[in-house]
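Notes follow once the structure below has been shown.
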Amino acid sequence: MSPPWSRAPSSISFLEKRNYKVKITPYLNFDGRCAEALDLYARVLGGEVTFKQTFGDSPMKDDVPPEFQNAVMHATLTIGDQTIQASDAPPNRYARPAGFMVTIGLDDAEKAKAAFAAFADGGTVIMDLQATFWTPLFGMVTDRFGIPWMINLEVAQ
Numbered sequence: 003m004s005p006p007w008s009r010a011p012s013s014i015s016f017l018e019k020r021n022y023k024v025k026i027t028p029y030l031n032f033d034g035r036c037a038e039a040l041d042l043y044a045r046v047l048g049g050e051v052t053f054k055q056t057f058g059d060s061p062m063k064d065d066v067p068p069e070f071q072n073a074v075m076h077a078t079l080t081i082g083d084q085t086i087q088a089s090d091a092p093p094n095r096y097a098r099p100a101g102f103m104v105t106i107g108l109d110d111a112e113k114a115k116a117a118f119a120a121f122a123d124g125g126t127v128i129m130d131l132q133a134t135f136w137t138p139l140f141g142m143v144t145d146r147f148g149i150p151w152m153i154n155l156e157v158a159q
């Protein structure tokens with residue numbers, strides 16, 4: 003018997019038939035520093051925090067410990083036509099990110115260097131920003147909030 007996923011219709015053909023658009027949005031969790039992280043990302047990437055609600059401002063406020071009232075329940079950072087969503091993990095529920103990286107493609111070398119430097123400040127450099135076979139500048143860094151980033155200078159080949 004074939005596995006269930008082999009009998010499922012192709013999701014691509016499903017989307018094409020209905021003319022759907024797909025947008026993938028990373029949702030980042032933080033250990034109480036979501037607002038600080040999004041402020042940095044907005045400054046570095048030229049975005050804006052377009053929505054932010056704390057647990058204390060939500061209908062859940064009575065179910066949250068007093069020390070968690072100012073934690074971010076949900077926030078959206080808008081950068082052009084893209085978004086990153088984020089929140090502070092509830093008490094005792096935070097897990098350090100693993101198994102993924104957020105990739106930033108920039109078309110300006112100075113902006114790539116500035117973004118890398120800002121994320122490296124207080125963070126951990128995984129791979130220095132350097133030339134590779136696919137681009138003049140690429141680097142990997144985990145920022146001071148624990149989010150892993152890849153910075154890629156996107157140039158025409």
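So for the sequence shown, the working numbering puts the first residue at 3; every next one is plus one. The beta-carbon is built from N, C-alpha and C at its ideal position, and this holds for glycine as well.
Apart from the five residues on each side of it in sequence, which residues of its chain come closer than 6 Å, Cβ to Cβ, to A114? Once the five neighbours on either side are set aside, the close Cβ partners of A114 are L108, L139, I153, L155.
Per DSSP, Q71 is paired with what? DSSP, once it has assigned bridges, lists no residue as partnering Q71.
Looking only at its chain, what residues have a beta carbon closer than 6 Å to the beta carbon of P28, apart from the 5 residues adjacent to it on each side? Taking P28 as the centre and dropping the five residues before and after it, the same chain places the C-beta of I86, V104 closer than 6 Å to its C-beta, in chain order.
For the region 23-90, which segments carrying the alpha helix (DSSP H) assignment without a break, of at least 4 residues, lie completely within its bounds, in sequence order? List check, alpha helix (DSSP H) in window: 36-47.
Tell me the DSSP bridge mates of W174? In the structure as shown, the chain begins at 3 and stops at 159. Residue 174 is therefore absent and cannot be evaluated.
For D145, count neighbouring C-beta atoms within 10 Å of its own C-beta (all shown protein chains included) and say buried if the count is 16 or more, exposed if not. Flag for D145 reads buried.
I'd like the span of the beta strand (DSSP E) that includes T126, first residue to last. Looking at the DSSP string, the run of the beta strand (DSSP E) that includes T126 is 126-132.
DSSP three-state label for W7, please. Here W7 scores only 49 on pLDDT, less than 50, and its place in the model should not be relied on; the value that follows carries that caveat. Residue state, collapsed to three classes: helix.
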